[in-house]
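Shown next, in structure tokens, is the structure this report addresses.
Residue numbers (UniProt numbering), protein chains in the order written: chain B, 1 to 198; chain V, 1 to 426.
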């Protein structure tokens, strides 16, 4: 699996099929990216579970925090990791003990851990790294276009008027992949530079 | 499902637009409204806090303008774009995100006269100091780099003489210096040159010119290539540090490879205010639908006119990089293989007086201060667009006293040549 760039079809299939999402590192602070993403995905109908041992006893948008993935007690379709790369492996190790296994492990923008990804993929779990599900959902639905962002999708179909809690159609035609050629090229180079110095 | 990459013409027509959800209108409606209702207090708070995608107020986002933004971002191969009221406004908003008072940026000497003025005077009053370099001598950019340098600015095809800048060579200087390369791509448009493919980190345009293309609407746009890492070395605190205006959000962390475009919108445009009218956005995006057809015709006509002029006994010199004996011809073939654009200069053996007389004798070419109209345009830069520069700066930027500038339109080339012929013989 190439983790430098993803086909839209791969991301679309994940976002169209997962329902339950545990967010590790979810923050109750409303200026943190994890809060933005949690709220957005909850509004789009995902069953969101905030996971953060430091926040147990509190809740995020009405959902009680759990300390660990082990304590969720029901199947999770996707784990969204909002922790930096050095914290990824222990989370992945717990994920691999879950029964049933999660279908997808998603690491946020700026987070990439190739070794962890290989381990997950060996267990049949799909992996996305260095991407944001909110941005990808907004892009594939073209909702992100309100902010002048290049959705890299086209459609000649009339879209329904989005309302609160509504799932949006992600089935627009894709324009050659999840990011632009130039942005991909640079991300690839940066990742290579990081690996070379590591 | 295959991810097929559509061609330029398809993107020019479709990118950013889809049938209106409410009415099914196929052309993009003109959302001529100042403001947008919130669903409830929570929705309003989410929008103000940048947590949700949506519209608040036309100074920040507008659905008609958003179509234009996505379209130009797609054509340039960028991650996002922000449309503003003019090309000058685009430059102001870009530099406001990058520079603090006392900082420097390096700019090509060969620029549109209005940009030279903006950088030399208006920007200086903000404490943003321009350092000039020569695009024909790329090492001069490298020599100009100091620890205060925050950006490098060039034009892909330079106004007024249509010279071509070696974008990749300047991009290498910018990369080495750890600063973004900003390319003004107004005269080329992404149909002829895509600066992001050659290493540009930010592209700006005056939409007023070939993109809008019909001489009816002012506009400007900023395209974020998504290629620059703003967090390195704390040089760009606007992007990398918590923003007090948004309760401590860090823009790069939150918005990734389109954070610069977001900064331009939610800080620059929001606070400085040069918003584009939705009506102008509509006219400009309608113009862009025919950009590939027009731009090819503009370039083909310009080449024919330049060839004809260069054989005329009263013409001293023609500066068009599409001509094989031009000093920029090799660069033109590399960067703009489909055509070298439609703006160029020439000089007459009769000097200043012959230039003034030519301009007044033309019947089809319009004498005015613009380029990139469907109509053919002519101007004497030394007495108009570049008049506020001193004589040395005029000559250096290709606008000496004997120089006449053309912006060749999409009329029949035989008629344009006939008009020049009668005016030269008058």
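Don't be surprised by glycine CBs; every beta carbon is placed ideally from N, CA and C.
- request: Would you mind working out which of 81/B, 44/B, 74/B sits nearest residue 52/B, comparing C-alpha positions?
  value: The closest CA to that of residue 52/B, considering only 81/B, 44/B, 74/B, is found on 81/B.
- prompt: Is the Cβ-Cβ distance between residue 107/V and residue 130/V less than 9 Å?
  reply: A contact, by the Cβ cut-off of 9 Å.
- request: Would you mind stating whether residue 282/V and residue 30/V have Cβ atoms separated by less than 9 Å?
  value: Yes. Within cutoff.
Euclidean distance between Cα positions of residue 382/V and residue 402/V: The straight-line gap from Cα to Cα measures roughly 8 Å.
field: Proximity below 9 Å, CB of residue 331/V to CB of residue 164/V
entry: In contact: residue 331/V and residue 164/V (Cβ atoms closer than 9 Å).
- prompt: Would you call the CB atoms of residue 93/V and residue 269/V closer than 9 Å?
  reply: Cβ distance < 9 Å, so residue 93/V and residue 269/V count as in contact.
query: Does the beta-carbon distance from residue 219/V to residue 85/V come in below 9 Å?
result: Yes; because the gap between Cβ atoms is below 9 Å, this pair is in contact.
task: Within the same chain, show all residues whose beta-carbon is closer than 6 Å to that of residue 1/V, passing over the 5 residues directly before and after it, in chain order.
output: Confidence at residue 1/V is low in this model, with a pLDDT of 45, below 50, so its placement is unreliable and the value that follows should be read with caution. Cβ neighbours of residue 1/V beyond the five flanking positions: none.
- prompt: What's the C-alpha gap between residue 104/B and residue 336/V?
  reply: Spanning the alpha carbons of residue 104/B and residue 336/V requires a straight line of approximately 45 Å.
query: Of all the residues that make up the region 123 to 150 of chain B, which are near chain V by a beta-carbon distance shorter than 8 Å?
result: If the cut-off is 8 Å between Cβ atoms, the region 123 to 150 of chain B has 132, 135, 138, 142, 143, 144, 145, 146, 147, 148, 149, 150 near chain V.
query: Quick one: what does DSSP say residue 1/V is sitting in, helix, strand or coil?
result: Because the pLDDT at residue 1/V is just 45, under 50, the model does not fix this residue reliably, and the value given afterwards should be weighed accordingly. When secondary structure is reduced to three states using DSSP, residue 1/V falls in the coil class, being assigned neither helix nor strand.
message: Looking at the secondary structure, which residues open and close the beta strand (DSSP E) in which residue 78/B lies?
response: Start and end: 78 to 81.
- prompt: What is the DSSP secondary structure of residue 243/V, reduced to helix, strand or coil?
  reply: In the three-state reduction of the DSSP assignment, residue 243/V falls in the strand class.
field: Under 9 Å between C-beta atoms of residue 303/V and residue 248/V
entry: Going by C-beta atoms, residue 303/V is not nearer than 9 Å to residue 248/V.
message: By the DSSP assignment, the beta strand (DSSP E) with residue 295/V in it spans what residues?
response: For residue 295/V, there is no enclosing beta strand (DSSP E); the residue is part of the alpha helix (DSSP H) that begins and ends at 291 to 310.
task: Note down, one range per segment and in chain order, each alpha helix (DSSP H) of at least 4 residues found wholly within the region 71 to 157 of chain B.
output: Whole alpha helix (DSSP H) segments, 4+ residues: 88 to 95, 114 to 122, 133 to 140.
query: For the region 27 to 60 of chain V, which residues have a beta carbon sitting closer than 9 Å to at least one beta carbon of chain B?
result: With the criterion set as a beta carbon lying under 9 Å from some beta carbon of chain B, the members of the region 27 to 60 of chain V are 39, 40, 43, 45, 46, 49, 50, 51, 52, 53, 54, 55, in sequence order.
field: Interface partners of residue 271/V on chain B, CB under 9 Å
entry: Neighbours of residue 271/V on chain B: none; closest Cβ ~17 Å, over 9 Å.
Where residue 160/B meets chain V, residues with beta-carbon distance less than 9 Å: What residue 160/B touches in chain V: 21.
query: The beta strand (DSSP E) spanning residue 406/V covers which residue range?
result: Looking at the DSSP string, the run of the beta strand (DSSP E) that includes residue 406/V is 403 to 407.
task: Check each residue of the region 64 to 84 of chain B: if its Cβ is closer than 7 Å to any Cβ of chain V, include it; give the result in chain order.
output: Answer in chain order: no residues at all.
field: Cβ neighbours of residue 213/V in the same chain (closer than 6 Å, five flanking residues each side left out)
entry: Excluding residues within five positions, the ones whose Cβ falls inside 6 Å are 287, 294.
field: Cβ of residue 70/V within 9 Å of any chain B Cβ
entry: Closer than 9 Å: yes.
- prompt: The beta strand (DSSP E) with residue 346/V in it runs from where to where?
  reply: Membership of residue 346/V in the beta strand (DSSP E) is indicated by the continuous run 343 to 348.
query: residue 73/V: which of 102/V, 20/V, 115/V, 285/V sits nearest, CA to CA?
result: If we check each option's Cα against that of residue 73/V, 285/V comes out closest.
- prompt: DSSP three-state call for residue 82/V: helix, strand or coil?
  reply: Strand, per DSSP.
query: Which chain B residues sit within Cβ distance under 8 Å of residue 254/V?
result: Here the neighbours are 33, 36.
query: Apart from the five residues on each side of it in sequence, which residues of its chain come closer than 6 Å, Cβ to Cβ, to residue 151/V?
result: Excluding sequence neighbours, residue 151/V sits near 98, 105, 179, 180, 182.
- prompt: Counting pairs of beta carbons, one from the region 29 to 40 of chain B and one from the region 154 to 170 of chain B, are three or more of them closer than 8 Å?
  reply: Not touching, per the Cβ criterion.
query: With 9 Å set as the bound, which would you pick, yes or no: does the beta-carbon of residue 67/V sit closer than that to a beta-carbon of chain B?
result: Chain B, which has a Cβ nearer than 9 Å to the Cβ of residue 67/V, makes this yes.
- prompt: Do we get a CB-CB distance below 9 Å when we pair residue 62/B with the residues of chain V?
  reply: Judged by the 9 Å Cβ criterion, residue 62/B is not in contact with chain V.
- prompt: Can you give, in chain order, each stretch of the beta strand (DSSP E) that sits fully within the region 176 to 203 of chain V and has at least 3 residues?
  reply: With a minimum length of 3 residues, the unbroken runs of beta strand (DSSP E) contained wholly in the region 176 to 203 of chain V fall at 181 to 184.
message: Taking the beta carbon of residue 73/B as the centre, do at least 16 other beta carbons fall within 10 Å, making it buried, or is it exposed?
response: Exposed, since its Cβ has fewer than 16 Cβ neighbours within 10 Å.
- request: Go to residue 21/B, then tell me how far its beta strand (DSSP E) extends in each direction, as first and last residue.
  value: Per DSSP, the continuous beta strand (DSSP E) segment holding residue 21/B begins and ends at 20 to 24.
message: Using a Cβ-Cβ cutoff of 8 Å, what residues of the region 178 to 197 of chain V are near chain B? List them in chain order.
response: Of all residues in the region 178 to 197 of chain V, only 196, 197 come within less than 8 Å of chain B when Cβ atoms are compared, listed by chain position.
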